[in-house]
Each structure stands twice: as C-alpha cells, then as structure tokens.
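Visitor: In UniProt numbering, the protein residues as written are 1 to 223.
1) What residue from 184, 6, 22 and 7 has the CA that sits closest to residue 208's CA?
2) Since residue 4 contacts residue 43 with CB under 8 Å, what's their CB separation in whole angstroms?
3) Return the first residue and the last residue of the beta strand (DSSP E) that residue 97 is part of.
4) Taking the alpha helix (DSSP H) that residue 177 falls in, what are its first and last residues?
5) Tell me the DSSP bridge mates of residue 229?
6) Answer yes or no: the CB of residue 6 versus the heavy atoms of the ligand SAM, is any distance below 6 Å?
7) How many angstroms separate the CA atom of residue 20 from the CA atom of residue 1?
8) What separation, rounded to the nearest whole angstrom, lies between the Cα atoms of residue 142 and residue 71?
9) Can you tell which of 101, 165 and 15 has its C-alpha closest to the C-alpha of residue 57?
10) Return the residue from the list 11, 119 and 153 that minimises the CA-CA distance to residue 187.
11) Anyone know if the C-beta pair for residue 121 and residue 131 falls short of 7 Å?
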C-alpha cells in the first residue's frame with residue numbers, strides 16, 4: 001500500500017493577517033488518495049492541531065469534500081493531531097503532497113525538516129507534489145547536484161495575478177510565480193482560478209485551489 005504524506009501548515013498568521021490551511025486543498029486530495037487505497041498521513045512542521053483559514057469555510061469556497069472532511073471523525077482526527085514532520089521515516093514514504101493556504105508562507109517556506117524530506121524523496125525517484133501555495137516549499141530544495149529542485153522543470157503554482165487579486169502580495173515572503181521563474185523552472189499557468197496541473201517526471205504541481213483534484217489524481221497515476 002503506497003504511503004502518501006500530506007503536509008499542511010502549523011501557522012495561523014501571515015504578517016498580521018489571520019490564515020492557516022485552505023481546507024479544500026487537503027480534503028479533496030485526502031479522499032482521492034484514500035479511495036485509491038493509499039495510506040494517508042497528515043503532517044505539519046510543528047505537529048498537533050492544524051489551523052484552518054476561516055475563509056476556506058465560507059460560502060463559495062466550502063466544498064462538499066471539505067464539509068465531508070470536517071464531519072469525518074477519522075479524517076478530522078488526523079488534522080487535529082497531525083504528525084510532526086521531522087518524526088516521519090521518509091524511507092517509508094512513496095509521495096509527499098504539499099497543500100496550501102497562506103499559512104505555508106510562514107512556516108513551510110523555510111522548514112529544514114521539509115527540505116530534507118523533499119530532497120530525499122526526489123533523489124529516491126519518489127513523488128513530490130504541491131498545489132496552490134504548497135509550491136512555496138520547493139524553492140528551498142535542491143537536486144542532488146546542488147541546483148534548484150525546480151530548475152529546468154515544468155511547474156506551476158499560485159500566480160502573481162492571483163496573489164494580487166487576494167491582496168496579499170505585500171504579505172508573502174516572495175511572489176511564487178516570480179521565484180519559480182528565477183530558479184530556472186519552465187513555469188506555466190492557466191487563466192486565474194482555472195485548474196492547471198504540471199507533471200514533469202515525479203514532480204507534480206497545481207496552480208490554485210481549483211487544481212487540487214486534478215493534482216491529486218496525477219499523483220495517484222504515478223503511484
């Protein structure tokens with residue numbers, strides 16, 4: 001049974017802006033992985049309860065999968081008692097999936113335990129995936145030769161225009177689209193708020209919340 005670790009944030013604040021996990025980006029992939037018969041572990045930098053961005057549970061954003069997750073004792077239990085990332089034996093993991101929400105811009109963006117896990121999995125030809133702001137965790141990572149993990153790779157992630165649309169461009173540590181391009185990636189995107197997923201070898205990236213389903217299915221196809 002393939003093992004997938006979904007990595008969320010432990011942060012509920014971004015420069016004074018209340019934030020956390022965008023719940024749909026964890027809930028939808030969680031059920032896709034479970035339905036495919038995979039073992040799913042929810043992890044975070046600090047472990048314990050994962051903060052949820054209240055906006056992700058508001059009208060128009062609170063999807064059926066997210067509602068199901070919030071009322072699922074087993075699933076929500078994993079979110080309430082997430083595993084501390086540095087306690088995971090990466091050799092037992094087949095895929096890592098970084099979900100978003102602006103909380104990741106606080107802790108996932110500079111996280112030694114995540115950097116180590118991603119670099120180990122990538123070097124072992126395992127699946128590394130990230131959606132929306134999840135790819136904020138990739139720029140800190142390198143390939144075995146020392147070059148940026150995303151260099152030469154076809155990737156996507158939350159666009160500059162999407163960041164400006166939510167008016168948090170002055171809060172994030174860097175603009176994700178710009179950073180991915182600076183690191184030599186072949187960045188691609190769809191129109192704002194449309195699903196876009198890039199698969200380059202075992203590296204899978206999704207642009208925004210609308211991409212979480214397609215992104216998770218791409219991971220399943222590689223396992």
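We put the CB at the ideal spot given by N, CA and C, even for glycine.
Guide: Quick answer:
1) Ranked by Cα distance from residue 208, the options 184, 6, 22 and 7 are led by 22.
2) Contact doesn't hold; Cβ gap of about 10 Å is too wide.
3) 95-98
4) 176-182
5) Nothing can be reported for residue 229, as the shown portion of the chain is limited to 1 through 223.
6) Among the components of this structure there are no ligands whatsoever, and the ligand SAM is therefore not found.
7) Approximately 30 Å between the Cα atoms of the pair.
8) 39 Å
9) Residue 57 has its Cα closest to that of 101, out of 101, 165 and 15.
10) 153
11) no
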